[in-house]
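Participant:
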Amino acid sequence: MVALGLTGFDPVGWDAFGPIRWLALPALGFWLVALEADTIRLDPSPGPVLLAAFLSWGAIASVVAVDPLHAWIGTPDRRFGWLTWLLCGALFLVGRSAELRLRRAVIWGFVVGAIGLGCYTLAETIGLAIDVDFAGGRRGGPLGQPAYLGAAAALVTPIAAGVSADREAAPGWRLAGGAGAALGLVTLLLSQSRAAWLGALAGGIVWMVWGRRRPLGRPASATVAASALLGPVLVVVAVPALRRRITSSLEAGGVVDGRLDEWRIGLRAISRAPVLGYGPEGYRTVFGAAVDDAYVIEWGRDVVTDRAHSGPLDVALAFGVPGAAIYLALLAVMGLAAVTVIRTAEP
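Every letter in the sequence shown is one number past the one before it in our numbering, and letter 244, counting from 1, is 252.
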């Protein structure tokens, strides 16, 4: 039964990292939601209301999607159908209403995760773990994909740093937080994920502007020790990679030019289905019809993308312009809530 289940989740082949990405992590997410379902508060505040509106509109778009199967379960290489949106929304509701006990458990789990990500990625770098070949020597870590690895590192690294500087945390956890912060930083850089770098930079700016009103404790000694030990890795491996990724973005025909063209084609596709879009994972099926001559001349005929490389555009392609508008409103509400936490809560 386990083998059949894995085949159902990964029908295109036995991806070495498929079970953790598409089976273990979603299963843990749904298990957590089921475990804490009785704590969820469905009050009429903007967050739950917008979330309910977004998921409802997305369900309608999924019913009439151009790919009615993958609109619900997602494609085998991405798995971002409506059910994944449902999981994200349910986790959001659990997170906003969870008791302190659960919040602490999640924070400690992120610290352990930061250490695990860093150790595995370093092992991959020196050839002691499965090394998937990505352009430019990017690392995929235990998730097997640089973009996922960078996103995970951007999430867990500041949490580990906060635990390291938390005066009320136990000494052992402060030591673990320091190690996790250093290892998470290495992971973030080795992933060479520009989106994760921008996200981490934006988070750092928000913290510097709003988050310094509460005094922090002295960083744990593990932060200094781990940084000293991993300093050569950062200088020799990560910093050159960082420079390559930044300079290549600005070159002619580089990522900036590519993103602008992707956004242009995405907007053309949205103009043909502005109300309900094409359903989750549906853009890949209509991309060829939206491409124009200028795109083909610049990038050739072999490029068939399944996303517009822009959150709002990708949501509009999946759920139409109304869905994207609700999504942006939900992001604004969550952003304001996050700033409030940064200003008032523990490190």
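All C-beta atoms, glycine included, are put in the ideal place defined by N, C-alpha and C.
Residue 69: beta carbon under 7 Å from a heavy atom of the ligand MN?
Facilitator: As presented, the structure is devoid of all ligands, the ligand MN included, so that no description of it is given.
Participant: Would you call the CB atoms of residue 267 and residue 317 closer than 8 Å?
Facilitator: Going by C-beta atoms, residue 267 is nearer than 8 Å to residue 317.
Participant: I need the straight-line Cα distance from residue 337 to residue 107, nearest angstrom please.
Facilitator: Cα-Cα distance, rounded: 26 Å.
Participant: Would you mind stating whether residue 25 and residue 152 have Cβ atoms separated by less than 8 Å?
Facilitator: The answer is yes: Cβ separation under 8 Å.
Participant: Using the rule of at least 16 other Cβ atoms within 10 Å of the residue's Cβ for burial, across every protein chain shown, is residue 47 buried or exposed?
Facilitator: Burial call: exposed.
Participant: Taking residue 174 as the reference, give the member of 90, 115 and 130 with the closest Cα.
Facilitator: That would be 115, whose Cα lies nearest to the Cα of residue 174.
Participant: Which residues in the same chain as residue 323 place their Cβ atom closer than 7 Å to its Cβ, once the five residues preceding and following it in sequence are excluded?
Facilitator: Hits under 7 Å: 331, 332 and 335.
Participant: Alpha carbon to alpha carbon, what distance is there between residue 56 and residue 1?
Facilitator: Nothing about residue 1 can be reported from this structure: the residues present for the chain run from 9 to 355 only.
Participant: Mind listing, in chain order, the continuous alpha helix (DSSP H) runs of no fewer than 4 residues lying wholly within the region 144-207?
Facilitator: 154-172 and 179-199, all fully within the region 144-207.
Participant: With three or more beta-carbon pairs closer than 8 Å as the criterion, would you say the region 90-105 touches the region 49-64?
Facilitator: Because the criterion of three Cβ pairs below 8 Å is met, the region 90-105 and the region 49-64 touch.
Participant: Within a Cβ cutoff of 6 Å, which residues of the same chain sit near residue 73, ignoring the five residues on either side of it in sequence?
Facilitator: If we look at residue 73 and ignore the five residues flanking it on each side, its Cβ neighbours are 79, 287 and 290.
Participant: Reducing DSSP to helix, strand and coil, say where residue 25 ends up.
Facilitator: It is coil, neither helix nor strand.
Participant: Roughly how many whole angstroms lie between the Cα atoms of residue 34 and residue 95?
Facilitator: Going from the Cα of residue 34 to the Cα of residue 95 covers about 8 Å.
Participant: Please return the same chain residues whose Cβ sits closer than 6 Å to the Cβ of residue 185, not counting the five positions on each side in sequence.
Facilitator: Cβ neighbours of residue 185 beyond the five flanking positions: 119, 168, 171 and 172.
Participant: Taking the Cβ atom as the reference point for each residue, do residue 161 and residue 207 lie within a distance shorter than 8 Å?
Facilitator: Contact flag unset, no.
Participant: In the DSSP assignment, find the unbroken alpha helix (DSSP H) run with residue 270 in it and report its ends.
Facilitator: 263-280 is the span of the alpha helix (DSSP H), which, as asked, contains residue 270.
Participant: Ends of the alpha helix (DSSP H) at residue 131?
Facilitator: First-last of the alpha helix (DSSP H) with residue 131: 108-133.
Participant: Helix, strand or coil for residue 68 per DSSP?
Facilitator: Three-state result, residue 68: helix.
Participant: What span of residues does the alpha helix (DSSP H) with residue 105 cover, start to end?
Facilitator: Per DSSP, residue 105 belongs to the alpha helix (DSSP H) from 90-105.
Participant: What three-state label does DSSP hand residue 139 in the structure shown?
Facilitator: If DSSP states are grouped into helix, strand and coil, residue 139 belongs with coil.
Participant: Indicate the three-state DSSP secondary structure (helix, strand or coil) for residue 82 in the structure shown.
Facilitator: Residue 82 falls in the coil class under three-state DSSP.
Participant: Take residue 110 as the anchor and find which of 343, 149, 43 and 315 has the nearest alpha-carbon.
Facilitator: Nearest C-alpha to residue 110: 43.
Participant: Reducing DSSP to helix, strand and coil, say where residue 331 ends up.
Facilitator: Three-state result, residue 331: helix.
Participant: Quick check on DSSP: helix, strand or coil for residue 306?
Facilitator: Helix.
Participant: So for residue 348, helix, strand or coil by DSSP?
Facilitator: Correct three-state label for residue 348: helix.
Participant: Give a yes or no on whether the C-beta atoms belonging to residue 82 and residue 88 are separated by under 8 Å.
Facilitator: Yes, they are a contact pair.
Participant: Just how far apart, CA to CA, sit residue 65 and residue 85?
Facilitator: Whole-angstrom Cα-Cα distance: 25 Å.
Participant: Taking 8 Å as the threshold (C-beta atoms), are residue 142 and residue 148 in contact?
Facilitator: Yes, they are a contact pair.
Participant: Just to confirm the assignment, what range does the alpha helix (DSSP H) spanning residue 292 have?
Facilitator: From DSSP, the alpha helix (DSSP H) with residue 292 extends over 291-298.
Participant: What separation, rounded to the nearest whole angstrom, lies between the Cα atoms of residue 135 and residue 158?
Facilitator: Between residue 135 and residue 158, the C-alpha separation is close to 20 Å.
Participant: May I ask you to report which of helix, strand or coil DSSP gives residue 47?
Facilitator: Residue state, collapsed to three classes: helix.
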